[in-house]
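Here's the structure we're looking at; comments come further down.
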Amino acid sequence: MEVGRSTLSSGDEIVLIDFTPRRVFVERLKVQEVHYFFWNLDLYKPFDYEPVKVEKRGDGVYVSTRYHWRGLVMWTSPKLHDEKPLLTIAHGVHTPIIYSTRWLFHLICDMKALSASERFMLGAYITIFNALLTGKLSINDQKKFKGYKELITYEAVPEEYRFRLDKWSFLIIIGGCPKTMPEEVRSRLEGHC
23 MEVGRSTLSS GDEIVLIDFT PRRVFVERLK VQEVHYFFWN LDLYKPFDYE
73 PVKVEKRGDG VYVSTRYHWR GLVMWTSPKL HDEKPLLTIA HGVHTPIIYS
123 TRWLFHLICD MKALSASERF MLGAYITIFN ALLTGKLSIN DQKKFKGYKE
173 LITYEAVPEE YRFRLDKWSF LIIIGGCPKT MPEEVRSRLE GHC
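So the sequence shown is numbered by the numbering used here: it starts at 23 and just counts up by one.
This is how it looks when you write it as structure tokens:
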């Protein structure tokens, strides 16, 4: 596998999960692959697609997820089992959470550019990670994790739900500081850091 390329699963799982989505849509574009965990309904809206992208880079495995449509979350220190990251979700809204070996939290955003709703959701996310870091909330990594191969489908994901690494209002990095970034993220950061 080339360094910095998405994991191509050939119909296999790219993570292990401790939940059961309705289906998992797989999107392939050139060498990229994104798995969308799908539910018919979440807490407040129909048709919930939660994207997950795994990349093996020279300095480790990175996982990218989306938070509340406008946040990109990069997990740089995922806990692995059988060489796959472990994924859980926040119930109700299905927010992806990757089990991590380090819980360092890095935030990059222009607060003035965020809408009131985005600032509120970002605050809620920071509260969750503050609780994890201080031990007030824990996630059980002793759960039984499984694959989801039987749920995979190659149907198209509607355009409005597609995951693009260059479309974010805020970037959260959880784990160690990455030595390299995907090109789409790096180009967005130029001139901001």
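We put the CB at the ideal spot given by N, CA and C, even for glycine.
Check                                                                                                       : Outcome
Proximity of residue 98 and residue 195 at Cβ, strictly below 8 Å                                           : yes
Where the beta strand (DSSP E) containing residue 177 begins and where it ends                              : Looking at the DSSP string, residue 177 is not in any beta strand (DSSP E), and its letter there is neither H nor E.
With 16 other Cβ atoms within 10 Å as the buried cut-off, status of residue 204                             : buried
Cα-Cα separation, residue 107 to residue 59                                                                 : 15 Å
Proximity of residue 191 and residue 92 at Cβ, strictly below 8 Å                                           : yes
Three-state secondary structure assigned by DSSP to residue 65                                              : coil
Beta strand (DSSP E) runs contained entirely in the segment 176-204, provided each spans 3 or more residues : 192-196
Counterpart residues of residue 82 in DSSP-defined beta bridges                                             : 79
For residue 66 and residue 104, the rounded distance between their alpha carbons                            : 35 Å
N-terminal and C-terminal residue of the beta strand (DSSP E) that residue 97 is part of                    : 93-97
Span separating the alpha-carbon of residue 74 from that of residue 212                                     : 24 Å
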